[in-house]
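Input: a single structure, listed below in structure tokens.
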Amino acid sequence: MKSMPYIILILALFVSHLTQAQNIKLYPEDSVFVDINGGRVYLLHQVKRKQTLYSMKNFYQIKLADLYYCNPGLSKRSLKVGEKLRIPISAKAILRTKPRPYIDSNYVKVYYQVKANETLWRVARKHFNVPVELLQNRNQLSSAVLYEGQRLQVGWFSLKGVSDSLSKHTGLEGALAEENRKWRKKYEMGLMRGKTEKMEEGRACWPKYEQLSQQTNGLYVLYDGAQVGDVILIENPMIERRIYAKVLGSVPDTPFARGSIVMLSPISAQALGILDAQAYVKIRKLVK
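Numbering (mature numbering (1 follows the signal peptide of the UniProt record, and there is no 0)), first residue to last: -21 to -1, 1 to 267.
Below is the structure:
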């Protein structure tokens, strides 16, 4: 009988886990909207009462770090009922064609809201990889002309959320890891095209106490030694951690940044494991 308290504790934790996961509920009559940014699919989730970040994490099979990364400032405040969060999900979680067998009570329709100057071809082929005719027929479009704000049904989403097996199958490691791979690929392409690496080392700084815009909420830096749009490799030698980051501009001439060779975005500093507002780093850049 000594093991009874432990069994009760395990059951309590299990029931608590299920309750948290069930806080996210979708119904067939609901409308789910998705957005595309940088080739990644984001589900737009409207927060309802009693929903928590933990329940979203379980329902969508994502990491809390991804939620914070895609929703700047979220880590420093509480959820607000009615607010919309960007949820990075596996592209395969959106079923492009009607499931067979199809049961209405198992799925919710997924919609995409057309942006300015987007064409039917771009939405169908570039965003969702489906035939243009399929999207046109599904939405009963009399022509291929789209207008800003138009809603198009692009697929279906399971009422059960994203399955754990699907998340593992797609190899989703997080939005931050995916962005790092993108910049790394661009950097390596430069090496393949004959560019050489040049090293530099010195002090890095980052605006630890400033609120940055959505644009800089990623692996970005301000750096004088490369052109805007270039990718550089940055290393924190203290823990031998490296990231690839895109250059957005030059280091500002301010008392705080003066003497620094690079200014990191908060996300870049976090990825490098840098806690202080200033730190020593090593940089590799590509030159012709």
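By construction, the Cβ of each residue, glycine as well, lies at the ideal position given by its N, Cα and C atoms.
Can you check whether the CB of Tyr91 is closer than 9 Å to the CB of Leu74? Going by C-beta atoms, Leu74 is not nearer than 9 Å to Tyr91.
Rounding to the nearest angstrom, what Cα-Cα distance links Gly134 and Ala70 in this structure? Between the alpha carbons of Gly134 and Ala70 lies a distance of about 11 Å.
If you draw a straight line from the alpha carbon of Leu46 to that of Leu53, how long is it in whole angstroms? So the alpha carbons of these two residues sit roughly 8 Å apart.
Give a yes or no on contact between the stretch 20 to 32 and the stretch 55 to 65, applying the rule of three or more CB pairs nearer than 8 Å. With the cut-off at 8 Å, the stretch 20 to 32 and the stretch 55 to 65 touch.
Among the candidates Asn50, Val89 and Val20, whose CA atom is the shortest distance from the CA of residue 327? The structure shown has nothing for residue 327, since the chain only spans -21 to 267.
Touching by the beta-carbon criterion (3+ pairs, under 8 Å), the stretch 208 to 225 and the stretch 252 to 265: Yes: at least three Cβ pairs fall under 8 Å.
For a quick check, are the C-beta atoms of Leu120 and Thr98 less than 9 Å apart? Taking 9 Å as the Cβ cut-off, Leu120 and Thr98 do not qualify as a contacting pair.
Val266 - DSSP class collapsed to helix/strand/coil: Residue state, collapsed to three classes: strand.
Count the other C-beta atoms from every protein chain shown that fall within 10 angstroms of the C-beta of Gly150, then say buried if there are 16 or more, exposed otherwise. Interpretation of Gly150 is limited by its pLDDT of 33, a score under 50 that renders its predicted location unreliable; the figure taken from the coordinates is listed afterwards. Label assigned to Gly150: exposed.
Cβ atoms of Ala224 and Ser239: under 9 Å apart, would you say? No, they are not a contact pair.
Look at the alpha carbon of Ser244 and the alpha carbon of Gly204, and state the distance between them as a whole number of angstroms. For Ser244 and Gly204, the distance between alpha carbons rounds to 17 Å.
Return helix, strand or coil for Gly252, following the three-state DSSP convention. Residue state for Gly252 is assigned as coil, using DSSP reduced to three classes.
Report the option in Gly228, Val109 and Ala250 whose CA atom is closest to the CA atom of Asp209. Here the closest residue by C-alpha is Gly228.
Using only CA atoms, which one of Leu198, Pro78, Thr31 and Pro67 lies nearest to Ile41? It is Pro67.
Reference Ala250, options Ala156, Pro234, Leu113 and Ala103, closest by Cα: That would be Ala156, whose Cα lies nearest to the Cα of Ala250.
Runs of beta strand (DSSP E) wholly within the stretch 195 to 259 (minimum 3 residues, chain order): Complete beta strand (DSSP E) runs here, min 3: 199 to 202, 210 to 215, 220 to 228 and 241 to 243.
Hey, how far is the Cα of Cys49 from the Cα of Glu127? CA-to-CA, the gap between Cys49 and Glu127 works out to about 24 Å.
Measuring CB to CB, does Phe235 end up less than 9 Å from Gly140? Contact flag unset, no.
Straight-line gap, Lys177 to Trp100 (C-alpha atoms, nearest Å): Looking at the two C-alpha atoms, the distance is approximately 42 Å.
Leaving aside the five residues before and after Arg117 along the sequence, list all residues of the same chain whose C-beta is less than 7 Å from its C-beta, in chain order. Gln132, listed in sequence order.
Three-state secondary structure (DSSP) at Ala95? In the structure shown, Ala95 sits in coil (DSSP, three-state: anything other than H, G, I, E or B).
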